[in-house]
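Protein chains: 2
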Amino acid sequence: MNFIRVNMNTKTIKVEAMPDEYKGIGGRGLTSIMINKEVPASCDSLGPDNKLIFATGMFCGTNMFNSSRVSIGAKSPLTGGIKEANVGGTSGGALGKLGIGAIIVDGKPKAGDLSILKLDLEGNAELIDASEYKGMRTYALVEKLHAKYGDKNAVLCIGPAGEYMMKSASIQGSDTDKRPCRAAARGGIGAVMGSKGLKAVIIPQNGKKADPLVDKETFNEATKAFAALVKANPFEGELLPAFGTPALVAPVNLMGAFPCYNATKSEFEGWQKISGEALANTIKERGGQTGHVGCSQCIIRCSNVFNDKNGKYVSSSIEYETVWAMGGMCGIDDLDVIARMDFLCDDIGLDTMNTGVAIAVAMDSGYRKFGDKNAPIEIMDEIAKGTEMGRIFGDGPSAVGKHFNNPRVAAVKNQSIAAYDPRGMIGNGVTFATSTMGADHTAGNMVAMYLGHILDPLKKEGQLENSRENQIFCAMADSMGLCLFAMYSIAAPDAKEMFIRLINARLGTSWKVEDLRNLGVRILKAEKEFNKKAGLTAKDDRLPEFFMKEPLPPHNVVFPFTDAELDGVHNF
Amino acid sequence: MNFIRVNMNTKTIKVEAMPDEYKGIGGRGLTSIMINKEVPASCDSLGPDNKLIFATGMFCGTNMFNSSRVSIGAKSPLTGGIKEANVGGTSGGALGKLGIGAIIVDGKPKAGDLSILKLDLEGNAELIDASEYKGMRTYALVEKLHAKYGDKNAVLCIGPAGEYMMKSASIQGSDTDKRPCRAAARGGIGAVMGSKGLKAVIIPQNGKKADPLVDKETFNEATKAFAALVKANPFEGELLPAFGTPALVAPVNLMGAFPCYNATKSEFEGWQKISGEALANTIKERGGQTGHVGCSQCIIRCSNVFNDKNGKYVSSSIEYETVWAMGGMCGIDDLDVIARMDFLCDDIGLDTMNTGVAIAVAMDSGYRKFGDKNAPIEIMDEIAKGTEMGRIFGDGPSAVGKHFNNPRVAAVKNQSIAAYDPRGMIGNGVTFATSTMGADHTAGNMVAMYLGHILDPLKKEGQLENSRENQIFCAMADSMGLCLFAMYSIAAPDAKEMFIRLINARLGTSWKVEDLRNLGVRILKAEKEFNKKAGLTAKDDRLPEFFMKEPLPPHNVVFPFTDAELDGVHNF
């Protein structure tokens, strides 16, 4: 496995063997440990000293299913702390097959300079002038790049929002249908890519330089056994292919934990128009696709393709969190508006959650009315043009709240929460508050425990411990290059042992089950250390005050944990 | 609430107020406690001293959702012990609305005598000569009865199998589409009805004599809250309406617990042709119905309507256990054969499980080949005609095993297991062995705990205790008149308290949460007492030997519990 180091100031590229100290660490483990070591924590996140690191997960490039996630890390312009966002689609697998462990981008070119990083089948890289693509949205960009360099390439890229260095800017990745519809969405990671003057990374998909499996036979046997576990779980095996992640709309809304109207309510009266069932029916009526394979080697098929009334492509894939942010939070019960907003975010290169919540905060401030279906589209136009108002929206909900002097901003460390009200699912509130990443559902989502009646979403008992263990688990899981849905099956009987067999067969190591947790703890420690050096304190590990002050109907409850309780979560 | 006592010998009918001692006990609680008290345990189950009791559940006749199940109890000609089988559709709600707590049928008419019991809106009953319906199958019978007496009536009836007093004979109930496609299937309860010379019970659906709710406001509020819990569970709220109970085919098969080829294997190679997804797709292609409302006041919609290739009705509803019994167990991967067999069982009046397993035992004995798609249909013809061979098959798998001298009969107390191999889901094996009802998945199914990774299906730890508590829970649940899927939501936080509010608002009682378990224990004790008096011993609480002797692939495990462990399950 190689590292590719790219300096955007000198435009030099170095390929080096992955140092021994990083062996057996992939994805988020690699980005976070390296950033903590190599990036001055007090640096300007959009300046030359920050590093943008693309790291393949441990299983990327192998024949393991759902193993195409690449982690992208940097100091975040949004949270001021460390950031890792990962993206599926085709890039992670493609990078793995080139034998690339990480691409580390540092320095900063002169203003206005824009490049593309193009990889070849030998795993070498070159920088190409990208002036002609300046300001381009991602769909048009990727089409052009595919036309010029061949459509067998995976592409990671930014849109106008990234070039503007907006704090909600994402890095978009191409999916199996060659569309840039998958996002490393969070933390303004796209702004860092923009600050480096990097418009896109082009990655051939047919590489053959992945490190060979140390024990192929065991690996294949364990892969098969683990796949059977994933398929045997009704959630991953049946519900996700049928309804996609919006399968969560109905249960979370009915539990009274679906934040809507900028988190003033938790039950959305229009939920049946935007539920997983409604989405699947609409998609089928219009000749779209449910059970779509969006990521390389996916066996779960949670993706979908949404068409308009005339059967013309609108967007892929409509996810639960987007249905929530653009739907419930803005009081909009119209899948056509939601799908259009999903497309616009992908095309402009924006986090749908941060953007939807920013619009909701503006609506809550009287800027436009909740339920106004034109407002979001018009705001997207402002963002795309980079107008003064557009830049405020592009910087996310905290910037909008500040602009309107509205403290009702559902965000932690300036990053919006996801579709679980911290008062209706209090363990998710603990994760949102204490995660090293800002409010982030992928850092430790407890929804499965609530739906499975393993934990009561409203009672304090067990929440702190389970949030902690979940955060440790997610840090480890984000290092594997596998999607979280695939990783969840590790909870099945004997699955941890099976997973360890996979790792050891991949690497020739002698990991034990407890090493999984050890890796998660090590990653979180590195992240916490970086955040501390960057100046984040316990006060940043807090939910906004309104979650502790405004009782949420129908249960009429507030977030119940004290500061001291939150400060004890990461007790390792 | 009234009791209606019907003597088939004297053809007399008495209506009496429900005795105080039975107040607050419905459904299975009522049938089991009364049978234990009133039926001589040593009696001939097909003789005059046995009683056939139809008892409404506690919520039948109210506006509570999914509250249309009626329990039917007797001494079982199949197991030799006590039996309760309950059925959904329209009858339970209709009986409840007439203010009927139970119909108790005893005595025995002279041979060849056949009657119909017809209820009126006052809750009175009359016996009508039914000679003209002799030998009729249920679909034609119900059509005739609806034509003659009005199609707003719910009907409970038997087919030829019940008239022949076969030990797999069911009592069929009409659904919301007026079809006799719902079954109180188990224990040969239809044979007892046949022995009483009772062809059908006709029940007007528009009764207005249900006991009024004591606290209507609380009842309605708690009903709404409990409904929200049911809808909020992805299994009940999304998976069942999308795929019906065959949603279980994929996960159980992938776990290696789907008994096939007469339980010689546990992974059926043709599972994808008979899975919930395949079924839903086939149904939709042919203009059938998924998410069908088969039972009165149902909010779950697990039912379906299966059409043939020409869009013509075949059967409703295709259930998981039938897909297994007629499919996997017989090595048949053809939904058309399975649906046809489902219809024939309903039409002739037979338990699909006992019948499918009987056919599988015959195939395992070389009578016909596994996978032979004609064999089951031909066997059904023999059963319907009541030939000598047909009578053996109609008496179920133990009779077939005895005939072919084949001990590989997956049954306990002569009643077939359901679609969970006792070696692949060992807690289900504990339930099958120790249930008072013979092998019965509705007596304590653990599959949800296995799929939720709460319990390991292959490890002994926790199985005995969980089977016990599940059996207690099911005895209680079967007394409520609600379907088990609705009852499962009682595991949600605060749901038990909510359910107690419902009971107290219904009855004006002051039940506490622990009274739910107390009721379950009381019922099981009565059932055990009856079974003991009837001569059943600990030796009857055993699985057939082959489950302890033949390791089941792919896990290559046998059922691991000792006799002493099984004997300790009911330690109350």
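In order, the protein sequences belong to chains A and B. Under the working numbering, the first residue of the first sequence carries the number 355, and numbering increases by one thereafter. Under the working numbering, the first residue of the second sequence carries the number 355, and numbering increases by one thereafter. In this text, a Cβ means the ideal position worked out from N, Cα and C, and glycines have one as well.
Within chain B, partners of residue i - CB distance below 9 Å
i	result
P905 of chain A	Neighbours of P905 of chain A on chain B: none; closest Cβ ~17 Å, over 9 Å.
Within chain A, the residues that residue i reaches when beta carbons sit closer than 7 Å
i	result
K585 of chain B	A604 and L608
A582 of chain B	L608
Beta-carbon neighbours of residue i, restricted to chain A and to distances below 8 Å
i	result
G630 of chain B	E592
P613 of chain B	Within chain A, no residue comes near P613 of chain B; the closest Cβ sits about 16 Å away, beyond 8 Å.
A428 of chain B	None at all; the shortest Cβ gap to chain A is about 35 Å.
Contact check, residue i vs residue j, beta carbons under 8 Å
i	j	result
G703 of chain B	T444 of chain B	no
G750 of chain B	Y518 of chain B	no
G610 of chain A	E623 of chain A	no
G411 of chain B	S833 of chain B	yes
I426 of chain B	F413 of chain B	no
L583 of chain B	T788 of chain B	no
L552 of chain B	L471 of chain B	yes
A523 of chain B	G489 of chain B	no
G541 of chain A	G778 of chain A	no
A586 of chain B	P605 of chain A	yes
Q651 of chain B	F419 of chain B	yes
V568 of chain A	A428 of chain A	no
Residue burial classification, residue i (beta-carbon count within 10 angstroms, cutoff 16)
i	result
I482 of chain A	exposed
I877 of chain A	buried
A494 of chain B	exposed
G862 of chain A	exposed
K502 of chain B	exposed
A601 of chain B	buried
P394 of chain A	exposed
D701 of chain A	buried
G744 of chain A	buried
Q626 of chain B	exposed
S670 of chain B	buried
S935 of chain A	Because chain A is modelled from 355 through 926, residue 935 of chain A falls outside the range shown and cannot be assessed.
S386 of chain A	buried
Residue i - containing alpha helix (DSSP H), residue span
i	result
T706 of chain A	T706 to D718
T891 of chain A	No alpha helix (DSSP H) contains T891 of chain A, which DSSP labels as neither H nor E.
I733 of chain B	A729 to K739
G381 of chain A	G381 to E392
E631 of chain B	G630 to E639
C511 of chain B	No alpha helix (DSSP H) holds C511 of chain B; the beta strand (DSSP E) holding it covers N507 to C511.
E497 of chain A	T492 to Y503
P751 of chain A	P751 to F758
P605 of chain B	V603 to L608
K850 of chain A	A849 to L861
Endpoints, the beta strand (DSSP E) within which residue i is located
i	result
F901 of chain A	Run containing F901 of chain A: none in the beta strand (DSSP E); it sits in the alpha helix (DSSP H), F900 to K903.
V911 of chain A	First-last for V911 of chain A: undefined, no H or E at that position.
F408 of chain B	L406 to T410
E621 of chain A	Run containing E621 of chain A: none; DSSP gives neither H nor E here.
A428 of chain B	V424 to K429
E480 of chain B	A479 to D483
I436 of chain A	I436 to V441
G450 of chain B	Taken as a continuous stretch (DSSP letters only), G450 of chain B belongs to no beta strand (DSSP E), being part of the alpha helix (DSSP H) at S445 to K451.
What are the residues in the region 803 to 816 of chain A lying within 9 Å of chain B by C-beta distance? Y804, L805, G806, H807, I808, L809, D810, P811, L812 and K813
Interface positions of the region 588 to 610 of chain A facing chain B (Cβ-Cβ less than 9 Å), listed along the chain: P588, F589, G591, E592, L593, P595, A596, F597, A601, L602, A604, P605, V606, N607, L608, M609 and G610
Output needed in chain order: residues of the region 836 to 858 of chain B with a Cβ under 8 Å from some Cβ in chain A. A845, A846, P847 and D848
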